[in-house]
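Residue numbers (my numbering): 4 to 693. Here the structure is laid out as structure tokens; the discussion comes afterwards.
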């Protein structure tokens, strides 16, 4: 195949495959370029899903107990493939507790059982700088590879060859059979399992074995080889409770997450394992690319043959935050060098159309980037004012009303049709740790660049989504995050503008004389070893410096600027909180206290929209060119009657239930005891006791 100045030679094992490839390539060449090059909202590689009845669903989980149980159940039900991507993966992690009665729930045991059944397992690990981090991914790789030949493992990046030393792969992903995926803040590693009680002790060990009794504020293990040996004296030191939020996606959003994994795997494969036959190059399955980018396939024609409206639609709206990443890197999901993008011959119809789209995007991008934030107009308004429900995802075709069945490598090709989706969904529980599985509109967003995913342009769709949703909020914003480091307009050191968006939205509420609340929950202290005055605690002091600079110290902080205009009324609009737990280390033992480490990365807007993912609020996670991240924006379709500001309000089933469950846990109340009145619970009353 020759295209522009590049050639590609494809080798297949049968004549039938040759015909399939020739037909697919010819078909792609006949399609209009918009089918391949369409930019998506926030500059994301993935389109909004759930605009039609396409089976898009989401379910939330609070804390490790609920999330790990759901992940274990999905792995046990796997039929074809399992993808795992993590900043840290511990094969010895028990996904169910008490651990001594759930030996089969250990991650390596779960994967071994499925690998022996023929399930193909692909695991992407972050390759850390050993001098800076002690997570020992090499040990994890060796143990995972020893499980079975059907388990493949890649670590990335190679620091010396890539020149990447400062940034990490921070996603936390589990994908099962392209059917259900889990994303959020929880790595499959030690220290993450927790219950809503957030106990500080476990002696004798029943829940947290060995080094899973974890408190990095006290001591960080030098070695993870002997995982059953305690690092801390359980009679003297409390564990550090861990609070997190995770999310399951089903249907098209799950397959978008799978596309992200395939793209990252292929880039790592090409970069460090190009000639290793044991490490295959993953090809995007038909349902992951073709239905969205290539018009009506045979499968879609079969499913949509009864549709009355056969007219195609054209998507003409462009987004000021659409990047050229969407134009050039989505379709094949194969890595490209930044200077090697195919360029059709000048004068050809394809060249003119592609150049025209790029020219439009460049113009819009320049308009956005050349205007600083002001209280008059936001550069994010173009994104926010294009609501998710205003997008059409058919790209010249009528999208089917049923989800497109995935293509899987299994002896029973009909297994997908036979399998009930309900078997993969954990029912909501009375504890408030598992949410309802709801139909919703979803868009997968991420932070990637050339070093992390081989994309020719940087994608910062998580950052764009944060700023857009904040400025469009009507009543309240609730944020939980591990970090809160951001900058106002004109800040030349901190480049993400989440803080600027919050400041603008609060000032607009004040000028309009309307009630508005911003509630932010972050850790009391960074999760690193050492006291504030210890000589070796430079990391702790550095993080606290930048967070205080964001919150309350200096001319660049939000409270300093709000105080200058609003005085003490600033606290009517924004407040910050932390979490702490206490209890006996053992029966009859001393009482100890520890912060509950807030590791969740979640934002809830007006009980209607939720953003959940792996990205922290700092430049590392949000700029796209640094850490790689993934998240999802969820907009509710299932609405319930509620009130907001004393007026009737349609709240979303997903978002409202998540917020109420989080507040119930933080306030020590049972599920259902927190009323839906945001203003009552946040006006100097209940959250301040946490």
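Virtual Cβ for every residue (Gly too), placed ideally from N, Cα, C. Source: prediction; values computed, not measured.
The beta carbon of residue 202 sits closer than 8 Å to those of 210, 242, 244, 584, 586, all from its chain and outside the five residues before and after it, given in chain order. The C-alpha of residue 51 lies about 8 Å from the C-alpha of residue 44.
DSSP places residue 651 in the strand class (E or B) of the three-state scheme. For residue 268, the secondary structure class from DSSP, reduced to helix, strand or coil, is helix. Excluding sequence positions up to five before and after residue 284, its CB lies within less than 7 Å of the CB of 269, 272, all in the same chain and listed in chain order. Restricting attention to 223, 177, 93, the CA atom closest to the CA of residue 135 is found in 223. Put simply, the backbone Cα of residue 170 is about 14 Å away from that of residue 461.
Contact check for residue 668 against residue 435 passes: the beta carbons are separated by less than 8 Å.
Unbroken beta strand (DSSP E) stretches of 3 residues or longer found wholly inside the segment 560–644: 577–580, 583–587, 594–598, 605–608, 612–616, 632–639, given in chain order.
Annotated as distal: residue 524 and residue 505, with beta-carbon spacing of 8 Å or more. Judged by DSSP secondary structure, residue 441 falls within the beta strand (DSSP E) whose first and last residues are 441–451.
Beta-bridge partners assigned by DSSP to residue 508: none are found. With respect to the 8 Å criterion, residue 111 and residue 146 are classified as neighbours on the basis of their beta carbons. In the three-state DSSP reduction, residue 228 falls in the coil class, being neither helix nor strand. Within the segment 61–91, the alpha helix (DSSP H) runs of at least 4 residues that lie entirely inside it are, in chain order, 66–79. Its chain contains 227 as the residues whose beta carbon lies nearer than 6 Å to that of residue 139, once the 5 sequence neighbours on both sides are disregarded; these appear in chain order.
When the Cα atoms are used, residue 466 and residue 635 turn out to be separated by approximately 12 Å.
For residue 24, the CB contacts under 8 Å within the same chain, skipping 5 residues up- and downstream, are 13, 15 in chain order.
Taking 8 Å as the cut-off, the Cβ atoms of residue 443 and residue 53 count as close. Under the criterion of beta carbons closer than 8 Å, residue 204 and residue 232 do not qualify as touching, at roughly 18 Å.
Contact between residue 128 and residue 92 holds: CB atoms are separated by about 6 Å, below the 8 Å threshold. Put simply, the segment 598–616 touches the segment 472–489. At least three CB pairs are less than 8 Å apart. Within the same chain, 450, 461, 463, 466, 498, 499 come within 8 Å of residue 626 by CB-CB distance, once the 5 residues on both sides are set aside. In the DSSP assignment, residue 249 falls within the unbroken beta strand (DSSP E) covering 248–253.
Secondary-structure assignment with DSSP links residue 127 through a beta bridge to 88, 157. Bridge pairing for residue 172: 631 [DSSP]. Judged by DSSP secondary structure, residue 470 falls outside any beta strand (DSSP E) and instead within the alpha helix (DSSP H) spanning 464–475.
Between residue 159 and residue 274, the beta carbon gap of about 7 Å places them in contact (Cβ cut-off 8 Å).
Minimum Cα-Cα distance from residue 149 among the listed residues 526, 186, 124 corresponds to 124. Restricting attention to 546, 267, 179, 448, the CA atom closest to the CA of residue 621 is found in 546.
The alpha-carbon separation between residue 166 and residue 10 amounts to approximately 28 Å. For the pair residue 31 and residue 266, the CB atoms are not nearer than the 8 Å cut-off. With 16 or more neighbouring CB atoms inside 10 Å of its own CB, residue 181 falls in the buried class. Assigned with DSSP and collapsed to three states, residue 187 falls in strand. Residue 461 sits in coil when the DSSP states are folded into three classes, being neither helix nor strand. The beta carbon of residue 94 is closer than 7 Å to those of 110, 111, 143, 146, 147 in its chain, skipping five residues each way along the sequence.
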